[in-house]
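Working notes, structure below.
Numbering (the UniProt record's numbering), first residue to last: 1 to 395.
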C-alpha cells in the first residue's frame, strides 16, 4: 500500500483540495497515524496546496503499508471520485476505516473530548490554557431580539435560535446570561453588566451571541421602525454599535479578560438584498413569500501611566453571519440557517477542533447553501487570537 501512495503522489498533489487534506489529517490524527506536530508541520511548513499534499503522502507512506492502507481507506470514504481517478480502486479494495459513526450520521448533541486529547493540549504553549476549575466558571451572554415595536419587523423562527444556542452554550459549560427583546441601549447596558460579573475573573473565556436585525456595523434594537414614505420624519435610530463589544470587553474596560479568548457570534443582516423563500433578517415579512418549511480596529487612545503597555484589543475572534452589505436567511420554523450550522459544527467537531477551525467548517457549509438565487457566506472578523482555543466539551 505504501507503493500505491507513491504511485499516485503526483496526481494526488495535482487534484486534492486543501479542505480534503485537512480532513484526511483529522482522520489520521484520530487513528494515531500522525501526531499533532506532524499534522501542523504538513500544513504550516509547506507553502502551497500541492506541497502540503506531497508532504502528507510522504509522511504516511514512510510509516509503512498499514498506515498507508488507513489513509487510502479514509480517502475512499471522503472522496470516492478522487479515489477512483487515482486508480486506487483498480487494485484490492481498501478496507473501510473503523469509525464510531459514518459521515452521514451527525450528532445532535456535543461529543465529549477524549481525556488524552485534553491532557496533551495542557502542555502545548500554542493553546490557550483551560483547567477544570476555569470551565466551571465559564460565562456567556445570549441576546435575542424577536418581537419589535413595529410588528412588521418581528423575527419569526428566532425563538428556535435562542433555544438552540442556549442549549449549546450550557452544554459547553457556560453559565448563560440570557436577554430577550432589548433596545440598542439595552444591549449596551447588558454587555456592560455582563463584563462586570464576578465569574468573569475566573473564566477561561467568554462567549457573546447577539441575534437581531442589523445593518453594516450595527445591530438593531426592538424600537427600530420601517420608514414607509420618503418624506416621513425619520425617527432616532435604535441601534447598538458592534464596535462597543470590543470596547466593553477589551483590556481598557475589562482588564480581567486580558489573555482570555473572547468569542463573538452575530446573527444579523449587514444591509443589502432581501430574500425570497426564506425569511431574511432585514426584510419585511410581507416582502417574503411564505412557502413551506424546509470593523475597523479601535483608535489607539489608551491612557496608561504604568511601566507596562498591553494590547487594547487582543484575544478576540468574531463570526458574523454574512459578508458586508448582504443579508442572512432565517426559516420561520427552524430558525436561521447560520445558527443551525453553528450548532451542528460545534456538536460534531468541538471535541477535537479549535475555534478557528470550527468557524471555517461553518463557512464551508455555506458553499453549498442557496435560497433560490440568493447566497450567504459568514465571515470571520477582527481575529486577534494568538493561540489556539479549544472548548474541550465534557472535560
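Quick reminder that beta carbons are idealized off the backbone N, C-alpha and C, glycines included.
Residue i to residue j span [Cα, whole Å]
| i | j | result |
| --- | --- | --- |
| residue 37 | residue 383 | 24 Å |
| residue 16 | residue 245 | 40 Å |
| residue 254 | residue 58 | 48 Å |
| residue 394 | residue 355 | 16 Å |
| residue 266 | residue 120 | 32 Å |
| residue 46 | residue 330 | 40 Å |
| residue 327 | residue 270 | 6 Å |
| residue 66 | residue 30 | 15 Å |
| residue 145 | residue 191 | 15 Å |
| residue 14 | residue 158 | 44 Å |
| residue 207 | residue 62 | 42 Å |
| residue 213 | residue 242 | 13 Å |
| residue 80 | residue 86 | 10 Å |
| residue 211 | residue 8 | 48 Å |
| residue 198 | residue 390 | 23 Å |
| residue 181 | residue 221 | 8 Å |
| residue 23 | residue 361 | 11 Å |
Reduced DSSP category for residue i - H, G, I as helix; E, B as strand; rest coil
| i | result |
| --- | --- |
| residue 168 | helix |
| residue 343 | helix |
| residue 206 | strand |
| residue 55 | helix |
| residue 317 | strand |
| residue 211 | strand |
| residue 380 | strand |
| residue 17 | coil |
| residue 254 | coil |
| residue 45 | coil |
| residue 9 | helix |
| residue 336 | strand |
| residue 83 | helix |
| residue 302 | Any reading at residue 302 must be qualified, since the residue scores a pLDDT of 34, below 50, and its modelled position is unreliable; no value is offered. |
| residue 34 | coil |
| residue 240 | strand |
| residue 226 | coil |
| residue 395 | coil |
| residue 146 | coil |
| residue 388 | strand |
| residue 201 | helix |
Range of the contiguous alpha helix (DSSP H) that encloses residue i
| i | result |
| --- | --- |
| residue 361 | 355-365 |
| residue 247 | 243-249 |
| residue 311 | Where residue 311 is concerned, there is no enclosing alpha helix (DSSP H), given that its DSSP letter is neither H nor E. |
| residue 187 | 184-195 |
| residue 270 | Here residue 270 belongs to no alpha helix (DSSP H), and DSSP marks it neither H nor E. |
| residue 132 | 132-136 |
| residue 351 | Looking at the DSSP string, residue 351 is not in any alpha helix (DSSP H), and its letter there is neither H nor E. |
| residue 67 | 65-78 |
| residue 121 | 115-121 |
Exposure of residue i, with buried meaning 16 or more beta-carbon neighbours within 10 Å
| i | result |
| --- | --- |
| residue 348 | buried |
| residue 185 | exposed |
| residue 172 | buried |
| residue 161 | buried |
| residue 335 | buried |
| residue 71 | buried |
| residue 25 | buried |
| residue 260 | buried |
| residue 237 | exposed |
| residue 132 | exposed |
| residue 337 | buried |
| residue 20 | buried |
Interface flag, residue i vs chain D, CB-CB below 8 Å
| i | result |
| --- | --- |
| residue 147 | Looking for chain D here will not work: only one protein chain is present. |
Spatially closest choice to residue i from the options, by CA coordinates
| i | options | result |
| --- | --- | --- |
| residue 6 | 77, 42, 88 | 88 |
| residue 166 | 385, 343, 380 | 343 |
| residue 195 | 364, 377, 140, 18 | 140 |
| residue 126 | 361, 392, 385 | 385 |
| residue 314 | 174, 12, 213, 249 | 249 |
| residue 142 | 110, 114, 193 | 193 |
| residue 74 | 360, 210, 28, 50 | 28 |
| residue 169 | 123, 34, 264 | 264 |
| residue 115 | 175, 366, 352 | 352 |
Residue interval of the beta strand (DSSP E) (run including residue i)
| i | result |
| --- | --- |
| residue 439 | A query on residue 439 cannot be resolved here, the shown segment of the chain reaching from 1 to 395 and no further. |
| residue 175 | 175-180 |
| residue 110 | Neither: residue 110 is in no beta strand (DSSP E) and is coded neither H nor E. |
| residue 327 | Premise fails: residue 327 is in no beta strand (DSSP E) and is neither H nor E. |
| residue 220 | 218-220 |
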